[in-house]
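Sequence order for the protein chains is A and B. For what it's worth, the numbering used here labels the leading residue of the first sequence as 1, then goes sequentially. For what it's worth, the numbering used here labels the leading residue of the second sequence as 271, then goes sequentially. All C-beta atoms, glycine included, are put in the ideal place defined by N, C-alpha and C.
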Amino acid sequence: MQAKKLTGKIAGIGAWGSYFDSWEALQQLLGGEPLPETKNKGPKPTIIPANERRRAPLPVRLAVESSWQATQSAGLEPDTLTCVFASGLGDTELTDYMCKTLASEHKELSPTKFHNSVHNAPAGYWTISTGTMSAANSVAGYEESVPLTLLEALIQCVTEHKPMLVTFYDAPVADVLKPILSNQETFAFSLVILPVDAEIEGIEVTAEVTAAEQPNWPALQSNSDYITSMYADNPSAKILCLAELIATSNGSKSVTMPLSQGTSVSFTRT
Amino acid sequence: MKIDIIDYETCSAAGLNLKALRTSLKHHDSGLIKNNLPGSDLDTWIGIVEQLSDVNDLGRWQSRNNALAALGYEQGSIRQTVSAVITQYGAARVGLIMGSSTSSIDRTETAYTKLDESGQLTEEFKQPLVHNPHAPSLFMAHLTGITGPSLTINTACSSSAKVFATGARWLESGIVDAVLVGGVDTLCLSVLHGFNSLQLLSPNPCKPFDQHRDGINLGEASGFAVLQRSGENSNSSGISLTGYGESSDAYHMSHPHPDGLGARLSMTQALEQAKRQAAEIDYINLHGTSSRANDLIEGQLISELFPATTQCSSTKAWMGHTLGAAGITEAIIAMDTLNTNIIPGSKNLETLDEALSLSIKATDQHKVCQHVMTNSFGFGGNNCTLLFSRSE
């Protein structure tokens, strides 16, 4: 069977990291502006009620903040969107807490930390905070988390004709796991992707899967050390190659990412 | 939407494979035993796969979770079926979607008990492809030779139900010609002590929907199914996925919505997609964890949505709640009734919860079913319902 044309319309973007707190701020860094002198504190997404927010782990706050920005910039109510949340590494701080506690003599775990340790905690907090009852997926694809999740969201957008929210987030890795999972940067990014016939303006993007042997990641246009090292080590920051495509309308029209051992996926502005 | 189930296999405490599970179901032999997991002294019952301790040759892929995936993949004809679709369509046109809640955290737990003097990982445990949430699919891609897209769904206890929905969409979009979907979760201290912290574990064999139920038993399982677009493979199992529903409770991280609003949505969506009325559903394999809250809410919802002719049961008293593997384990039990014509009873049910009035019995029933459903609900209020039908 020939693949369906997988086209969606990007109608909202959100972003949060140590040196940017919005898509606009990230675009400036991608455009070569110097880093701000101080790191951001937070994030503190106000959509999560204060008592819940205090207990919410960093990956949850990252994902919810970035998701909220994207829905706001699209001008859409969050509860109208079907969501896919993705993290390549999960919440390693909670993994570290659980494994340290369980390796000790007293194995009592905090019930809140235990239920927050599920990979779909950000999807849970998001749907609870916004009253979203539509499907919320939570996925992982290690270094290919970004292309796999984008594809999953576009496929759902096209085959089920649903407006989608897709959010990527990865937080710094806990010390013990650092030698094998090197990410030390905080990064979250969200896209609202609508069916092409939606009556909201947006950037049309078409995905195409092709066979490829051991494909590689493309180089970024940015030469900022901060941006390029984040792109190398933070699985969610792999979205930056698509972010550059979206940020510059007069540059390249297409970016190709590795999808699996035997396939790659290209995203083309149409 | 119509997706054919080409082949399926399951591995749990109730049976190393589908054939053994059918025998356990028929004789009402439970695989649950008193908790004997090393390092845990919790007073509860577990569904442990005894043969798992023999699988220790996975090298850099070693983890209990990967071992259970490997053991499950050796059962029945699933490996041959996957090899055949790879030969026919090419490895890059076959997709892989695994569901799990623990991934390989069992291995991370072990690694933390063997840190060196300075608190660092020791050489044996420096396994980046194991200590991450995508581990089950990374390992299965390695084991099967599938080189098409491979994704892991981690939505707690609905994970390996949702793999069917994503698999169906991938096939419908045409990016692949066949998909291996699966689920795997293993017993480890995180889940035992985690569920204990929520006071959800029972010190007795679980009794889903019983008036005197007092909590859940945890288990471990792996399961696989090969999916293709309807009619494209003449060696199909005769069963089709005809509907799915996915929803969120928007209520609480670890407590179901008191009126079951999210669960209602996922069940009605599955019916709508399959273009079926509730009265056409012959059997529902319930989520039925044996917790006070789940069974009450799910049971009330079933009697609201379905007539008394729809038979229901929870099969968790056979192998325990296998968490991220429960979705596919129970999908297989549900769809297999279309082959065996036996609806399994709700094991350990003695006195139905007084607040409930659904059609649920402890004994098996012989019936030629046409349409069956299964529910899976997870933490974060994450719900999935699957509907399987006899292929036309």
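The beta carbons of residue 401 of chain B and residue 181 of chain A sit closer together than 8 Å. Every beta strand (DSSP E) of 3 residues or more that sits fully in the stretch 547-623 of chain B is shown, in chain order, as 553-555, 581-583. Legend: CB atoms of the stretch 541-553 of chain B lying less than 9 Å from CB atoms of chain A are not found in any residue. Going by DSSP, residue 413 of chain B is part of the alpha helix (DSSP H) stretching over 405-414. With the criterion set as a beta carbon lying under 8 Å from some beta carbon of chain A, the members of the stretch 518-533 of chain B are 518, 519, 520, 521, 522, 523, 524, 531, 532, in sequence order. Residues of chain A with a Cβ closer than 9 Å to the Cβ of residue 383 of chain B are, in chain order, 99, 102, 103. In this structure, the straight-line span from the alpha carbon of residue 210 of chain A to that of residue 202 of chain A is close to 26 Å. Closer than 8 Å to the CB of residue 118 of chain A there is at least one CB belonging to chain B.
For residue 188 of chain A, the enclosing beta strand (DSSP E) begins and ends at 187-195. Spatial neighbours of residue 158 of chain A in its own chain (CB-CB distance under 8 Å, excluding positions within 5 residues in sequence) are listed in chain order as 4, 5, 6, 7, 8, 195. Between residue 379 of chain B and chain A, the shortest Cβ-Cβ separation is below 8 Å. Around the beta carbon of residue 200 of chain A, fewer than 16 other beta carbons sit within 10 angstroms, so the residue counts as exposed.
Closer than 9 Å at the C-beta level to chain A, one finds these residues of the stretch 432-451 of chain B: 432, 435, 436, 438, 439, 440, 441, 442, 443, 444, 445, 446, 447. Residue pairing by DSSP puts residue 258 of chain A in a beta bridge opposite A:264.
Within chain B, no residue has its beta carbon less than 9 Å from that of residue 161 of chain A; the closest one is some 12 Å off. The beta carbon of residue 275 of chain B lies closer than 8 Å to those of 495, 496, 497, 506, 507, 509, 510, 511, 605, 658 in the same chain, with the five residues before and after it left out.
DSSP, reduced to helix, strand and coil, places residue 463 of chain B within a helical segment of the structure shown. Secondary-structure assignment with DSSP links residue 455 of chain B through a beta bridge to B:491.
Cβ neighbours of residue 40 of chain A within its own chain (closer than 8 Å, five residues either side excluded): 16, 17, 18, 19, 20, 21. Across the structure, residue 257 of chain A and residue 423 of chain B are spaced so that their CA atoms are roughly 21 Å apart. Approximately 6 Å separates the beta-carbon atoms of residue 493 of chain B and residue 452 of chain B; this is inside 8 Å, confirming the contact.
In chain order, 398, 399, 402, 403, 404, 405, 407, 408, 422 make up the part of chain B whose C-beta sits under 9 Å from the C-beta of residue 142 of chain A. According to DSSP, residue pairing for residue 498 of chain B in a beta bridge involves B:274. Around the beta carbon of residue 432 of chain B, 16 or more other beta carbons lie within 10 angstroms, which makes this residue buried. Counting only residues of its own chain and dropping the five nearest sequence neighbours on each side, residue 307 of chain B has a CB closer than 6 Å to the CB of 457.
Cβ neighbours of residue 539 of chain B within its own chain (closer than 8 Å, five residues either side excluded): 513, 514, 515, 516, 517, 655. CA-to-CA, the gap between residue 450 of chain B and residue 28 of chain A works out to about 43 Å. Look at the beta carbons and you see the stretch 383-391 of chain B touching the stretch 168-180 of chain A: at least three pairs across the two are nearer than 8 Å. In summary, the residues of the stretch 343-364 of chain B whose CB is separated from some CB of chain A by less than 7 Å are 361, 362, in the order they occur in the chain. The Cβ atoms of residue 215 of chain A and residue 88 of chain A do not sit closer than 8 Å to each other.
Residue 397 of chain B counts as buried, since at least 16 other C-beta atoms from the protein chains shown sit within 10 angstroms of its C-beta. A check of alpha carbon separations from residue 480 of chain B across B:653, B:583, B:322 identifies B:583 as the nearest. Distance between residue 380 of chain B and residue 349 of chain B, taken at the CA atoms: about 30 Å. Less than 8 Å divides the Cβ of residue 61 of chain A from the Cβ of residue 44 of chain A. Taking residue 130 of chain A as the centre and dropping the five residues before and after it, the same chain places the C-beta of 47, 78, 79 closer than 7 Å to its C-beta, in chain order. Using a CB distance cut-off of 8 Å, residue 318 of chain B does not count as an interface residue toward chain A.
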